[in-house]
Amino acid sequence: MRVALLVTHIRAEEKLLLAAFNSRGINPEVILDRELNFDVSRGPEQRAPSGRAWRGYDLVFERCVSTSRGMYALAVLNSWGVRTFNSYETAAICSDKLRTSVALTQHGVPQPHTRVAFTPASAMQAIEDVKYPAVLKPVTGSWGRLLARVHNRDSAEAILEHRQTLGDYNHHIYYVQEYVDKPGRDIRAFVVGDRTIAAIYRASNHWITNTARGGQATNCPVTAPVNEICLRAAEAVGGGILAIDLLEDAQGNCVVNEINHTMEFRNSSEPTGVDIAQEVIDFVIQQIEVMA
Amino acid sequence: MTAETPLCPECDAEVEIPSDAMENELLACAECGSELEIMSLSPLELELAPEVEEDWGE
Numbered sequence: 001m002r003v004a005l006l007v008t009h010i011r012a013e014e015k016l017l018l019a020a021f022n023s024r025g026i027n028p029e030v031i032l033d034r035e036l037n038f039d040v041s042r043g044p045e046q047r048a049p050s051g052r053a054w055r056g057y058d059l060v061f062e063r064c065v066s067t068s069r070g071m072y073a074l075a076v077l078n079s080w081g082v083r084t085f086n087s088y089e090t091a092a093i094c095s096d097k098l099r100t101s102v103a104l105t106q107h108g109v110p111q112p113h114t115r116v117a118f119t120p121a122s123a124m125q126a127i128e129d130v131k132y133p134a135v136l137k138p139v140t141g142s143w144g145r146l147l148a149r150v151h152n153r154d155s156a157e158a159i160l161e162h163r164q165t166l167g168d169y170n171h172h173i174y175y176v177q178e179y180v181d182k183p184g185r186d187i188r189a190f191v192v193g194d195r196t197i198a199a200i201y202r203a204s205n206h207w208i209t210n211t212a213r214g215g216q217a218t219n220c221p222v223t224a225p226v227n228e229i230c231l232r233a234a235e236a237v238g239g240g241i242l243a244i245d246l247l248e249d250a251q252g253n254c255v256v257n258e259i260n261h262t263m264e265f266r267n268s269s270e271p272t273g274v275d276i277a278q279e280v281i282d283f284v285i286q287q288i289e290v291m292a
Numbered sequence: 001m002t003a004e005t006p007l008c009p010e011c012d013a014e015v016e017i018p019s020d021a022m023e024n025e026l027l028a029c030a031e032c033g034s035e036l037e038i039m040s041l042s043p044l045e046l047e048l049a050p051e052v053e054e055d056w057g058e
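Residue numbers (the numbering used here), protein chains in the order written: chain A, 1 to 292; chain B, 1 to 58.
In structure tokens:
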């Protein structure tokens, strides 16, 4: 079984995944996204930076921290028929918050009230439509960067002016959500294929609860409602290996906040007692065997 | 520390390399906190890791 691990560099997660592959007798070839140079029209006979033809891999596992490099590499590889996790389509949806919202809507999955607008004036209207406090997010981005909780018209005007003046065109897509008054935490659940294998609470005194921003991880039981919304969300974006972020509303019901397709999990195995890397790799190996 | 112990390219402190280190692995300098990338294991070479870009994430 030949597997390539496509990375920007080796983080804790990639080391865990490589160790999990090794434990099953598989030694993936690591390919750096900085070394990619595809002849798009020539197909999978051309050699990867490893020296092996792309066709020679049973699977390319994309784990790039660079979302755009990973996504476009998947686009090329999938167009040639090279199998990947996740698929290009799943990555393209998950890497774009608006496309994720559209997919969730199409599949009837609960999410915060969401609007999109394309000018500061219409964005101001969108913010007032969802009511204060509202949340402004870039459509691409991660780790809680450049999120804004907007409490009133004054701050909305300032943020919109800054984004319009200082941001590139990506920041002129105004993705606006209602603020969900969550109980000092959110939920991150890990979906592998058709199973929610584990979940954590991410608690913080700050309204942004990402562990990258200091949120503290503790085990979250995977209840039937959590499992159900996670599997429906995963299906909405095409499925695969995903982290589903949930917000609990005042009634305790969950809505899907966002979905990550190259999830970090280094802080999640210990509190949950689930070897997430091994679960992921065993699923990947099973899928390779099914597809063979 | 051995003669193989590399220096942080930012602050010149000696950087301890884990026994299971891999090429292109990220690590932090214990002295200055800079994020470093192992460019080569033999010989040991460290560089400052690339700055986080806007599209980086999960």
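For each residue, glycine too, the CB sits at the ideal point set by N, CA and C.
Keep in mind it's a predicted model, so treat the numbers as computed, not measured.
Residue pairing by DSSP places alanine 189 of chain A opposite A:Ala199, A:Ile244 in a beta bridge. For tryptophan 207 of chain A, the secondary structure class from DSSP, reduced to helix, strand or coil, is coil. Apart from sequence neighbours up to five positions away, no residue of its chain approaches glutamate 128 of chain A with a beta-carbon distance below 6 Å. Counting only runs of 3 or more residues that sit fully inside the segment 19-70 of chain A, the beta strand (DSSP E) segments are 29-32, 59-63, in chain order. The segment 27-34 of chain B and the segment 114-124 of chain A do not touch, with fewer than 3 CB-CB distances between them shorter than 8 Å.
If you draw a straight line from the Cα of histidine 107 of chain A to the Cα of alanine 236 of chain A, it is about 6 Å long. Within the segment 56-75 of chain A, contact with chain B at the beta-carbon level (separation under 7 Å) is assigned to Val65, Ser66, Thr67, Ser68. At least one beta carbon of chain B lies nearer than 8 Å to the beta carbon of alanine 243 of chain A. The beta carbon of isoleucine 10 of chain A falls within 8 Å of a beta carbon belonging to chain B, placing the residue at that interface.
One finds nothing in chain A with a Cβ atom closer than 9 Å to the Cβ of alanine 30 of chain B; even the nearest lies about 16 Å away.
In the displayed model, threonine 272 of chain A falls within a helix according to three-state DSSP. In this structure, the straight-line span from the alpha carbon of aspartate 154 of chain A to that of leucine 44 of chain B is close to 54 Å. Of all residues in the segment 140-164 of chain A, those with a C-beta nearer than 7 Å to a C-beta of chain B are Thr140, Gly141, Ser142, Trp143, reading in chain order. The residue from A:Gln251, A:Phe61, A:Lys137 with its alpha-carbon nearest to that of serine 87 of chain A is A:Phe61.
Linking leucine 160 of chain A to aspartate 96 of chain A through their CA atoms gives a straight-line distance of about 20 Å.
One alpha carbon belongs to isoleucine 17 of chain B, the other to threonine 5 of chain B, and they sit about 7 Å apart. Put simply, the backbone Cα of asparagine 78 of chain A is about 7 Å away from that of threonine 84 of chain A.
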